[in-house]
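Before any comments, here is the structure.
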């Protein structure tokens, strides 16, 4: 996955000119054990070609939100729209347009070899075997795992299994990619490779990506915009990463620690008011600190 990573071209979630792919409006779901998740407060919206991160503590409803997007749960209150239809009621009409990788990838890998597993969906859709093989080879190459094609999935490492599950999610060239904790368990090289890949899919292919993550430091590089869920499912905050991570109170209420760079610049500002405002990527931080250094070396202007 040697793709070039860039700082995201951020779009605000309230942009009226952007095409909506997903909208969740004040949805409630109560599980059999009585646990209730109320995804309300703000509407959740994901636009075409954009990358959206969903943040929140354990039990806030992040996975419940994804299950509603995938039609696995039907709203007891409120509404969910994916490509303009209710996924719980009309999943068959949109399923080919959606790729998914859930947190427990072992539940998604069901075939005796990696190649057969990635080929499962195109074969289910009745594609010619020549096209199936072309799709499988293309996506395995995209993920850099061609050598795994004949391997038994059970014998793979956790990171390799994640790549296999992701290949299965991408093999049909979906318009919407839904990922539950995709960075979990990845080494730094694989993590950066996934970030680069997601940037490529959204910028070059126009794919919409919605993911949940506890990897806060990945959010500034990944997300065009982010949503923060409070305990119980309340959508407490949405905005660009800079807007979200500037709201210390909402983050603290959700037990979310800001990215390392955000915390660094906040502490610099506490010690020196002339320090730069928040920077969230290494490139932006280097530029801001270099500019601050140059300014500090300038002679003071006589009064």
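Residue numbers (the working numbering): 9 to 311.
We treat Cβ as the ideally placed atom computed from N, Cα and C, and that holds for glycine.
All figures in this text were calculated on a predicted structure; none of them were measured in a lab.
- With a cutoff of 8 angstroms on beta-carbon distance, residue 237 and residue 226 are scored as not near each other.
- Using a Cβ-Cβ distance cut-off of 8 angstroms, the stretch 204 to 222 and the stretch 187 to 195 are in contact, since at least three pairs of beta carbons, one from each stretch, lie closer than that value.
- In the DSSP annotation of this structure, the continuous segment of the beta strand (DSSP E) that includes residue 52 starts and ends at 52 to 55.
- Per DSSP, the unbroken beta strand (DSSP E) holding residue 46 starts and ends at 44 to 47.
- Contact annotation: residue 286 and residue 260 have beta-carbon atoms that are not nearer than 8 angstroms.
- With contact defined as three or more Cβ pairs closer than 8 angstroms, the stretch 136 to 147 and the stretch 168 to 180 are in contact.
- Residue state for residue 289 is assigned as coil, using DSSP reduced to three classes.
- Residue nearest to residue 32 within the set 53, 213 and 171 is 53 (criterion: CA-CA distance).
- Residue 71 carries a helical assignment under DSSP once its states are collapsed to helix, strand and coil.
- Take the alpha-carbon of residue 196 and the one of residue 202: they are about 10 angstroms apart.
- In this structure residue 157 is in contact with residue 148, their Cβ atoms being roughly 6 angstroms apart against a cut-off of 8 angstroms.
- Straight through space, the alpha carbons of residue 167 and residue 235 are spaced by roughly 26 angstroms.
- Around residue 49, the same chain offers 242, 243 and 244 as residues with beta carbons nearer than 7 angstroms, after the five sequence neighbours per side are excluded.
- Beta-bridge partners assigned by DSSP to residue 304: none are found.
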